[in-house]
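Encoded as structure tokens, the structure appears first; notes follow it.
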Amino acid sequence: MAAPSTKSRLLAVVWCFLMPLGVIGGYLGVGFAVVAAVGEPILGTIVLGGVVFLLVGAARLLRPGWLAYEPAARPLPETPRLTRMVLGGLALAFLAGQSLALWLYSLGGSTGFDQSVQARQDAGVIAALLLALVAAPLAEEMLFRGLLYALLRRRIGIIGSVLVTTTVFGLVHGNVVQFASTLPLAVLLALVYERTRVLWPCVLMHLGFNLVATFVPPVLVTPLANPVSALLLITAFLGCALMLYRKIATPTVLLAAEPAMDMGDGKEGDPRTV
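Quick note on numbering that gives the first Met the number 0: the sequence shown kicks off at 0 and runs consecutively.
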């Protein structure tokens, strides 16, 4: 296979910058309009989540070729083993993200995080739970894995797509605490989407992450708020993510994939949540 030309590489770099900027710019623009119309930030975010879910869901259903890319992975014999690896990675993603986030917060606090806490408290328990356990998992997976990651993968490889999506996913949360807590989760969700090409596993994992963050007492994770715990847990998570990546990117997976695709075929209660 011929090496990519300088022009194609440059176009890929431009795509990696402009496409996420356009997606997130559109998302934030609609978000500000919805929140202004609703008059309450948490309820507005829930409504925005519904809009995103419907729009991206319709695109994926009616025009799947727009978001398809090669190779198309098929189920492999080691799927149960892969599932265990993913669940272990999810546990490590939660612990690593919480450890890093709590440690950073202990160093100097975070005004943005405090404002997020206050907004959820002001909105009430029901609205906060609806955001964390329904709107966020559905809308964010549609937007970041179902749209952004898929569009990136049409132009660039797995690693680049994971890094860009993870960075944007963290930045959209708007403060250093939630940025840190979401990074491991975003890496894992992108790898799972790459392997499955469907969103429901990502939605369930995101829901599970937020569910644990909502109901696990902070006192149980506070002891992790130190650099040693953060470093050890992040290292363990990265090891798990690397093993998962190697399973996804191995020739075995590629051999099990479709040789070609017809790209035209139509067929937040707790502030630690993301």
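C-beta atoms are modelled at their ideal positions from N, C-alpha and C, and glycine is treated no differently.
Query, Result
"Three-state class that DSSP yields for P200 in the structure shown", "helix"
"Exposed unless 16 or more other CB atoms sit within 10 angstroms - verdict on Q117", "exposed"
"4 or more residues per run - each alpha helix (DSSP H) lying fully within the segment 167-197", "175-195"
"Helix, strand or coil at Y148 according to DSSP, with G and I counted as helix", "helix"
"Sub-8 Å separation of Y148 and Y192 beta-carbons", "yes"
"Opening and closing residue of the alpha helix (DSSP H) in which G238 lies", "P226 to A248"
"Reference L60, options G145, G96 and D121, closest by Cα", "G145"
"Cβ shell of A179 (< 8 Å), same chain only, five flanking positions each side left out", "G96, L99, A100, L103 and G169"
"Cα-Cα separation, H205 to S115", "19 Å"
"First through last residue of the alpha helix (DSSP H) which encompasses I155", "Element bounds for I155: n/a, residue is neither H nor E."
"Distance between M242 and P250 (C-alpha atoms, nearest Å)", "For P250, the predicted structure reports a pLDDT of 48, less than 50, and the residue's modelled location is therefore unreliable. The matter cannot be settled from this model."
"Beta-carbon proximity check, Y26 vs V51, cutoff 8 Å", "yes"
"Residue range of the alpha helix (DSSP H) that includes R62", "Looking at the DSSP string, R62 is not in any alpha helix (DSSP H), and its letter there is neither H nor E."
"A92 beta carbon less than 8 Å from that of P19", "no"
"Selected residue, minimal CA-CA separation from L203, among T82, G49 and V175", "T82"
"Short Cβ contact (8 Å threshold) for A240 with V186", "yes"
"Integer Cβ distance of C15 from I155, believed to fall under 8 Å", "6 Å"
"Where R119 falls, given that 16 or more other Cβ within 10 Å makes a residue buried", "buried"
"Nearest candidate by alpha-carbon position, reference F112, set M141, G159, H172 and V167", "H172"
"Through-space distance from T166 to V46, alpha-carbon basis", "24 Å"
"Given A127 as reference, the closest of N209, G64, I158 and L53 once Cα atoms are compared", "N209"
"Host alpha helix (DSSP H) of S115 (start-end)", "T110 to A122"
"Assigned secondary structure, A71 (DSSP; H/G/I helix, E/B strand, else coil)", "coil"
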